[in-house]
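**Q** Structure incoming, see below.
2 protein chains.
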Amino acid sequence: MKKRRPTKVIDQLDREIVLTSAARLFKIQGYERTTVKEIADACNMLPGSLHYRYKTKEAILIDLMRLGLEQVSVELIKACVGESNPAEQLRKGINAHLKVLVTGSDMVYVLLFEWRALQGDARKEMIQLRDRYEALWVGLLKPLAQKGIIHKDVDLDLLRLIGLGALNWVATWFTEEGRYTLEDIGNFVWRIIKQAVVVPGETDI
Amino acid sequence: MKKRRPTKVIDQLDREIVLTSAARLFKIQGYERTTVKEIADACNMLPGSLHYRYKTKEAILIDLMRLGLEQVSVELIKACVGESNPAEQLRKGINAHLKVLVTGSDMVYVLLFEWRALQGDARKEMIQLRDRYEALWVGLLKPLAQKGIIHKDVDLDLLRLIGLGALNWVATWFTEEGRYTLEDIGNFVWRIIKQAVVVPGETDI
DNA sequence: GTCTATACTCTGATAGAC
DNA sequence: GTCTATCAGAGTATAGAC
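Chains as they are written, first to last, in our numbering: chain A, 93 to 297; chain B, 93 to 297.
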């Protein structure tokens, strides 16, 4: 009996290669301007082989976004787990989101900036996925409010929406060669939030 | 001698009709998914007539962005002129930016979200235009720092970049039917900024 | 599973009569 | 300035041999 790698493992590898290549192209050129031939070229496949994995170009985008959401969720959780101070959790979460969005996987960028390319049901599904990610942030912010670290009268939903917006937009102007490092930016956002909504002296609980 | 409207006036009217129609389509469908035929239909023209005004689809986008930038600049200036309190100028500026972006001209939305559709020189020109708009914000923030209303150690460039990012991202999730009005959102952002960077008691100068 | 070849559609742009 | 007709090119998806 011949020994061989389980089919599943090979498929998973292919999936990552295809989606990583596609994400880079989608980020640079945009989804619409990128052709399936370019994607195939980028992962050393012929268009026919790519079509064997994904029947349509849209299917690639959808699967890519699912993986991107998984990646950013994992990074956010990793950054907070093992940190007992909830204020520090928030600070680390901000830095993690920035890092994975800007210097990490292109899939997260595409997830956030190309959802308009999807229509109908697919768009709805992606919005639901995005909501699920944002629910992780609710889970970070709620304990801070309950413990009195964040002022009682701060609207947590608005804080999340505005805060994530501020972070997401960074991806539109950040460059490695710019004046600011990602840490500079993360620290700045953290300081703003801390000074605006955190009760003084409560960050060390 | 026949009396007739000066040619310039007619051209200017046509320009606004074309660009307004195009902006609405670009905002809903995105630039790439919108066809020149759709634009022509939307302004009751035939493709040939549209082509007489704009030789290429890209030329429409570029002119649209120029006009969008002009509009948002005018609204920002209008909101601040006649307000002597610099802190109040900032508050009104925030609301003006939000309003024109979200409920005002679709051109401003397109200006901010479709710059990736441009390539090469055209993209560089638009980035320069965006920088010119941001310079207006520098003009709002600098006096606040010089008068000691904003803490000396706040990086004004980061404050501008992060603040505008927070505002711009609102356009991706705001709906008229949602829980928050534009005023709610503007007030929230203003409060965050005020509590984070404004020296207490200095807002009434 | 992979590769070649191609069908079919759409679109931006143009030519030229009026 | 406007309209009809059309070209040339690009791009997605598919069929079918291997």
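Note that the Cβ used here is the ideal one computed from N, Cα and C, for glycine as well.
Here the structure is a predicted model, which is why all the values come from computation and not from measurement.
#1: Using DSSP bridges, identify the partner residues of B:ILE242.
#2: Show which residues of chain A have a CB atom less than 7 Å away from the CB atom of B:PHE280.
#3: Of all Cβ atoms in chain A, is any one closer than 8 Å to the Cβ of B:ARG125?
#4: Kindly indicate if chain B contains any beta-carbon less than 8 Å away from that of A:GLY293.
#5: Taking the beta carbon of B:LEU105 as the centre, do at least 16 other beta carbons fall within 10 Å, making it buried, or is it exposed?
#6: Report yes or no: is there a C-beta of chain A within less than 8 Å of the C-beta of B:GLN287?
#7: Work out the CA separation of A:GLY255 and A:LEU193 for me, nearest whole Å.
#8: Can you check which of these residues, B:PHE280, B:ARG145 and B:GLN163, is closest to A:LEU248 by C-alpha distance?
#9: Can the beta-carbon of B:VAL110 be found less than 8 Å from the beta-carbon of B:ARG158?
#10: At what residues does the alpha helix (DSSP H) containing A:GLY174 begin and finish?
#11: Mind the definition here: the stretch 259-271 of chain A touches the stretch 178-194 of chain A only if three or more C-beta pairs lie below 8 Å; say whether that holds.
#12: Let me know the alpha helix (DSSP H) ranges lying completely inside the stretch 160-229 of chain B, each 4 residues or longer, listed in chain order.
#13: Can you grab the Cα-Cα spacing for the pair B:GLY122 / B:GLU108, in whole Å?
#14: Does the Cβ-Cβ distance between B:ALA171 and B:GLY160 come in under 8 Å?
#15: Start and end of the alpha helix (DSSP H) containing B:GLU130?
#16: Kindly confirm or deny that the stretch 203-211 of chain B and the stretch 119-137 of chain B touch, where touching means at least three C-beta pairs closer than 8 Å.
#17: Can you pull the chain A residues whose beta carbon is under 7 Å from the beta carbon of B:ARG208, in chain order?
#18: Within the 8 Å Cβ cut-off, does A:TYR319 reach chain B?
#19: Where do the ends of the alpha helix (DSSP H) carrying B:LEU138 lie?
#20: Measure the C-alpha to C-alpha separation of B:GLY174 and B:VAL290 and round it to an integer number of angstroms.
**A** Answer, in terms of the structure:
#1: B:VAL290
#2: ASP247, LEU250 and ILE254
#3: yes
#4: no
#5: exposed
#6: yes
#7: 14 Å
#8: B:PHE280
#9: no
#10: Where A:GLY174 is concerned, there is no enclosing alpha helix (DSSP H), given that its DSSP letter is neither H nor E.
#11: yes
#12: 178-194 and 198-205
#13: 19 Å
#14: no
#15: 128-134
#16: yes
#17: GLY122
#18: Outside the modelled stretch of chain A, which goes from 93 to 297, sits residue 319 of chain A, for which no answer is possible.
#19: No alpha helix (DSSP H) holds B:LEU138; DSSP gives it neither H nor E.
#20: 22 Å
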